[in-house]
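The sequence shown runs 41 to 216 under the working numbering.
The beta-carbon is built from N, C-alpha and C at its ideal position, and this holds for glycine as well.
Read through the structure below, which is laid out as structure tokens, and then see the notes.
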Amino acid sequence: MNTIWADRAGPHDALSTPSGTAEWLEAIGSRLPELAPEDLDDLRRRLLPLRDALLQLAAKATDDTRWVTPDASSVRRAVDEVNAAVIPRAPQLAWAADHPVTEHLRAPSDPAAAVVSHFAEDAVALFGTGESSRLRVCDGPDCGLYFVKNHPRREWCSPACGNRVRAARHYRRHRA
Ligand SMILES: [Zn+2]
41 MNTIWADRAG
51 PHDALSTPSG
61 TAEWLEAIGS
71 RLPELAPEDL
81 DDLRRRLLPL
91 RDALLQLAAK
101 ATDDTRWVTP
111 DASSVRRAVD
121 EVNAAVIPRA
131 PQLAWAADHP
141 VTEHLRAPSD
151 PAAAVVSHFA
161 EDAVALFGTG
171 ESSRLRVCDG
181 PDCGLYFVKN
191 HPRREWCSPA
201 CGNRVRAARH
211 YRRHRA
């Protein structure tokens, strides 16, 4: 969901260009193999509908409509989008001579679809459990990023946003 954010210049979308997509993947610490530019653009095009679906689910979970305004039909479409992106996998047995029989997951034949499925599976884990009740939108100045409130006193997406809010309060108090 955090591929979209705002600052003083207005809203930004990391998935609008292949280079923005590459920067975002790097920023989240993705351990994806090096992708060729055309693969990256393919991945970007496939992530867009999933991201838009997740924004619908996040807006519904947080009751915050700054990015999108979900309704029953948009939420139903979002759920369908997430489910369509998940590659169903069942563990299978593998055997090689002189080795014990082991469990393995068949490697997907389409790497970009596997990456999209990875994000969709994370979304199932977030929205399919009580975890989404701790999802919040950061109210830091010019922010709007989502975060999971994993501590009762956590109010911001990052310490940097908390510092900016405290600095703004301090400025307002002392300007008078
Ligand atoms: Zn923030």
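- [ ] Give me the Cα-Cα distance between S198 and Y186, rounded to the nearest whole angstrom.
- [x] For the purposes of this step, residue 198 is taken as residue 158 along the sequence shown, with counting starting at 1. For the purposes of this step, residue 186 is taken as residue 146 along the sequence shown, with counting starting at 1. The alpha-carbon atoms of S198 and Y186 are separated by roughly 10 Å.
Task: Endpoints, the beta strand (DSSP E) within which T142 is located - done: Residue 142 sits at position 102 when you count from the first residue of the sequence shown. Here the beta strand (DSSP E) through T142 covers T142 to H144.
TODO: Please work out which residues of its chain come closer than 8 Å, Cβ to Cβ, to N190, disregarding the five sequence neighbours upstream and downstream, and give them in chain order.
DONE: By one-based count along the sequence shown, residue 190 stands at place 150. If we look at N190 and ignore the five residues flanking it on each side, its Cβ neighbours are R174.
- [ ] Decide if D150 is buried, meaning its Cβ has at least 16 other Cβ atoms within 10 Å, or exposed.
- [x] On the sequence shown, position 110 is the one that residue 150 refers to. Under this definition D150 is an exposed residue.
Task: Nearest neighbour of L75, chosen from S59, H214 and R206 [CA to CA] - done: For the purposes of this step, residue 75 is identified with residue 35 of the sequence shown, where counting begins at 1. Checking every option, the nearest Cα to that of L75 belongs to S59.
Open item on the list: ligand 3 and G180: does any heavy atom of the ligand fall closer than 6 Å to the residue's C-beta?
Closed with: Ligand 3 is absent from the structure shown, which contains only ligand 1.
- [ ] Would you check if the stretch 124-132 and the stretch 98-110 touch, i.e. whether three or more CB-CB distances between them fall below 8 Å?
- [x] no
Task: Near ligand 1: L185 beta-carbon under 6 Å from a heavy atom - done: Here residue 185 is taken as the residue at index 145 of the sequence shown, counted from 1. Yes - ligand 1 has a heavy atom lying nearer than 6 Å to the Cβ of L185.
Open item on the list: ligand 1 and W196: does any heavy atom of the ligand fall closer than 6 Å to the residue's C-beta?
Closed with: To locate residue 196, count along the sequence shown from 1; it is residue 156. Correct: W196 has its Cβ closer than 6 Å to ligand 1.
Task: Closest by C-alpha distance to V34, when choosing among D182, N203 and E171 - done: This structure cannot speak to residue 34, because the chain is shown only from 41 to 216.
Task: Which of helix, strand or coil DSSP assigns to K51 - done: For this step, residue 51 is matched to residue 11 along the sequence shown. According to the sequence as given, residue 51 is Pro; it is not Lys. Looking at P51 - three-state DSSP - the assignment turns out to be strand.
TODO: Below 6 Å CB to CB, which residues in the same chain sit around H210 once its five sequence neighbours on both sides are set aside?
DONE: If you number the sequence shown from 1, residue 210 lands on position 170. Closer than 6 Å at Cβ, skipping near neighbours: no residue.
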